[in-house]
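A quick write-up on the structure given underneath.
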Amino acid sequence: MRPSAQRPSNLPPSIHRSAPLEERRSSIGIALVTAIIAIIAIIVIIAMAAPLAGYTFEHFLVTSPHPYVAHLEINRPRKLNAFSPAVWQEYGAAFRQLSADPAVRVVVLTGAGDRAFSAGLDVQEGSLTAVISEAAADAARKATTLRRYIEEFQSCIGEMERCEKPVICVLHGVSLGLAIDISCCADIRLCAADTRFSVKEVDIGLAADIGTLARLPKIVGSTSWVKDVCLSARDFGAQEALSVGFVSQVHEDKARAVGAALAMAKKLADKSPVAVQGTKELLNYGREHGTADSLRYTQVWNSAALQAQDVPAALMSMFQKKTPTFEKL
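In this note's numbering, the protein residues as written are 345 to 673.
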């Protein structure tokens with residue numbers, strides 16, 4: 345018979361039993377400290393971000409945590425970042441300004457506070473009742489007033505999609521109704537594990553009219569799933585959103601999600617703005633047009649873009665193993 349393993353006689357049994365436990369405790373402690381340090385680092389980066397010159401809004405904060413990166417934060421935490429007409433008008437103005445700003449190459453959109461990215465429409469300040477009551481008496485004129493109201497609302501929310509710069513949207517907590525309309529316009533979506541999504545409009549008696557029904561089916565491959573969440577107005581969580589492709593990353597909490605978005609934005613901002621902005625434009629065009637039309641549009645687009653100095657600068661940097669620098673666009 346093979347002799348059984350013997351415990352060294354000079355050590356008490358309790359030490360042998362406790363050693364693995366102590367090792368596990370040590371590993372857990374190191375992991376916890378590492379996680380805390382990472383969160384603190386992210387918070388410090390966000391807190392030290394400099395305000396972006398020329399951006400003054402009542403309901404939004406605009407900072408620059410890295411060169412060429414703009415962090416746009418919905419700043420109504422007491423209202424769960426809900427949108428009134430004044431808020432969505434500012435939102436549209438902010439994205440128009442960011443789109444035209446040569447000092448910005450990437451935008452990160454977040455919501456202030458820990459509870460919500462956005463609870464959607466501010467029903468107290470954004471009710472259609474006031475719009476209808478102010479309209480003329482007959483149906484045709486009421487309809488025209490409402491159509492113009494919805495058109496302006498759609499246009500302001502769609503400014504993110506029309507923004508020349510890529511936009512990374514970070515969702516967390518309550519993300520209902522209009523939050524889905526907004527995030528559908530983003531180029532990249534990340535979320536925290538606590539995010540609670542819902543296409544909520546059916547529960548308040550209307551079909552979603554600011555973009556979800558047009559954009560969500562093009563983002564998510566399953567028509568069945570899209571109709572499920574839109575018709576039922578049921579909640580769905582971060583892992584479900586990840587599984588259907590609505591978001592590309594899920595992080596443990598908001599701080600980590602924002603940190604990941606800012607790190608991604610920094611990488612994009614270091615690349616050629618001609619290449620990055622062109623790629624966004626061509627992808628968006630291809631989504632709405634056939635292959636032949638998209639290829640033709642790409643020919644025309646790149647016949648201009650290829651004349652930029654960005655291509656030789658990028659190639660030379662690759663050969664020299666240096667980080668390239670690119671002029672503002």
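From the three backbone atoms N, C-alpha and C, an ideal C-beta is built for every residue, glycine too. Note that the structure is predicted; figures quoted are calculated from it, not measured.
What residue does the beta strand (DSSP E) around P617 start on, and which one ends it?
For P617, no beta strand (DSSP E) segment is defined; the enclosing uninterrupted segment is the alpha helix (DSSP H) at P617 to E632.
Out of G502, A530 and F541, point me to the one whose CA is closest to L520's CA.
Among G502, A530 and F541, the Cα nearest to that of L520 is on F541.
Pull the bridge partners of L534 from the DSSP assignment, please.
For L534, which the question treats as bridged, DSSP gives the partners V514 and Q593.
Helix or strand or just coil, what does DSSP make of P727?
Residue 727 is absent from the structure shown; the chain starts at 345 and stops at 673.
Less than 7 Å separating the beta-carbons of I526 and T556?
Result no, Cβ atoms of I526 and T556 do not sit closer than 7 Å.
DSSP-derived helix/strand/coil call for T454:
Reduced to three states, the DSSP call for T454 is strand.
Candidates F670, G622 and D553, of which the one nearest A648 by Cα:
It is G622 whose Cα lies nearest to the Cα of A648.
Identify every run of the alpha helix (DSSP H) within the segment 479-513, keeping only runs that are complete inside it and at least 4 residues long; order them along the chain.
Taken in chain order, the complete alpha helix (DSSP H) segments of 4 or more residues contained in the segment 479-513 are 483-501 and 503-506.
Quick check on I554: does DSSP put it in helix, strand or coil?
Looking at I554 - three-state DSSP - the assignment turns out to be coil, as it is neither helix nor strand.
Classify E417: buried if its beta carbon has 16 or more other beta carbons within 10 angstroms, exposed otherwise.
Classification of E417: buried, given that the 10 Å Cβ count is 16 or more.
For A605 versus I512, is the C-beta distance shorter than 7 Å?
Taking 7 Å as the Cβ cut-off, A605 and I512 qualify as a contacting pair.
Cβ separation of A582 and A552, assumed to be a contact under 8 Å, to the nearest whole Å:
21 Å between Cβ atoms; not a contact.
Can you check which of these residues, F427, W645, E625 and Q664, is closest to Q468 by C-alpha distance?
Of F427, W645, E625 and Q664, the residue nearest in Cα terms is F427.
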